[in-house]
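See structure below.
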Amino acid sequence: MRLNSERPAGTGVILVTLVVAALLEVVPLSDTLNWVRPEWMLLVLLYWVLTLPHRIGVLWGFMVGLYLDVLVGTTLGQWALAYALGAYFMQAAYKRMRVFPLLQQSAVVFLLVGSAQLLAFLIQESVGRTFYPPYTILYSAAASAVIWRPLCGVLRWVQLRFLVR
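Residues in the sequence shown are numbered from 24 upward in steps of one, following this note's numbering.
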């Protein structure tokens, strides 16, 4: 019999942070600002994989990506595959990532977000639905890398405040 204190807590809080990130993904922005929109859902997912690798992993990445596919109306499975791979690479390197200094963490996030977006772009290209030039991937990846540390601070506060473990 498991005691209540042994049960993992905070799944609802994790889901709420992902829903807030989903809202930030679909907030209407001007065309100029839309190019530099950070990948909010991927950043939140990467934070939870980094913090709780024993609970949040590839399956969560796949499900969050599938949710984003449905939310924004892209090719079904494009973000699911990209987020699952991002979660996999973060889970594989979470011990090193935790001890990296700020600049290195941001560089890793830049590479993960850029890779996920490149994969999504290639899937869109293969089905003939590309509406943007490929170099715009760099804008969003750079914005995601810049926002990574402030977002980690906010999510860390949420994690401590609501006892997510």
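Yeah, the Cβ is synthetic: ideal placement off N, Cα and C, and Gly gets one too.
- In the three-state reduction of the DSSP assignment, TRP58 falls in the coil class, being assigned neither a helical nor a strand state.
- Contact holds between the stretch 61 to 75 and the stretch 122 to 140, because three or more Cβ pairs, one in each stretch, are under 8 Å apart.
- DSSP, reduced to helix, strand and coil, places TYR117 within a helical segment of the structure shown.
- Taking 8 Å as the cut-off, the Cβ atoms of VAL49 and VAL95 count as close.
- If you draw a 10 Å sphere on the C-beta of GLN114, you find 16 or more other C-beta atoms in it, and that means buried.
- Put simply, the backbone Cα of TYR70 is about 11 Å away from that of LEU41.
- By a beta-carbon distance limit of 8 Å, ILE146 contacts THR98. Their separation comes to about 6 Å.
- By the neighbour-count criterion, in which a residue is buried when 16 or more other Cβ atoms sit within 10 angstroms of its Cβ, TYR158 is exposed.
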